[in-house]
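Following: one structure in structure tokens, then a few remarks.
Residue numbers (full-length UniProt numbering): 1 to 151.
Now the structure itself:
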């Protein structure tokens with residue numbers, strides 16, 4: 001039994017290492033928010049009000065990697081403030097919303113998306129409810145057929 005536990009732990013460590021790929025340049029690595037950075041986020045100046053609206057809406061649509069089900073605007077965690085600042089800067093520099101979303105998903109995975117895309121890696125999560133429902137219906141129909149034939 002202990003051998004299986006060791007193998008299981010090894011597989012878990014390998015899967016964790018593979019799933020936590022981080023693609024970031026040195027200047028964009030996470031560092032805890034300082035009071036200066038808090039001020040940068042709170043007092044960030046956009047070139048136009050339209051860019052500000054786009055950036056805030058985009059930040060609202062991205063989930064904080066540290067918090068449980070809070071977006072980047074609602075969260076007060078240091079990483080959310082860092083990511084909010086990155087979103088603001090990238091939108092202010094003229095990058096598209098898709099470029100920012102691609103950057104965030106490359107760095108943090110699809111966890112930051114409230115609506116992850118359908119892919120082979122998450123197909124089981126999308127299809128499991130349907131498969132369970134189909135299995136339940138099939139089991140129920142067979143069970144009812146067996147019960148009615150025994151009477």
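By construction, the Cβ of each residue, glycine as well, lies at the ideal position given by its N, Cα and C atoms. From a predicted model like this one, the values you see are computed outputs, not experimental measurements.
Residue i, buried or exposed, once every other Cβ within 10 Å from all chains shown has been counted against 16
i	result
residue 114	exposed
residue 9	exposed
residue 240	This structure cannot speak to residue 240, because the chain is shown only from 1 to 151.
residue 175	The structure shown does not extend to residue 175, since the chain spans only 1 to 151, so no value can be given for it.
residue 120	exposed
residue 82	buried
residue 55	buried
Whole-angstrom C-beta distance between residue j and residue i, which should lie under 8 angstroms
i	j	result
residue 59	residue 87	5 angstroms
residue 78	residue 108	So it is not a contact: roughly 15 angstroms between Cβ atoms.
residue 139	residue 126	Not a contact, Cβ separation roughly 22 angstroms.
Assigned secondary structure, residue i (DSSP; H/G/I helix, E/B strand, else coil)
i	result
residue 113	strand
residue 62	strand
residue 122	helix
residue 92	helix
residue 21	Here residue 21 scores only 44 on pLDDT, less than 50, and its place in the model should not be relied on; the value that follows carries that caveat. Residue 21: coil per DSSP, three-state reduction.
residue 148	helix
CB of residue i within 8 angstroms of CB of residue j, strictly
i	j	result
residue 61	residue 71	yes
residue 112	residue 63	yes
residue 240	residue 116	In the structure displayed, the chain extends from 1 to 151; residue 240 sits before or after that span and is not available.
residue 85	residue 46	no
Using 8 angstroms as the Cβ pair cut-off and three pairs as the minimum, do the stretch 79 to 92 and the stretch 130 to 141 touch?
no
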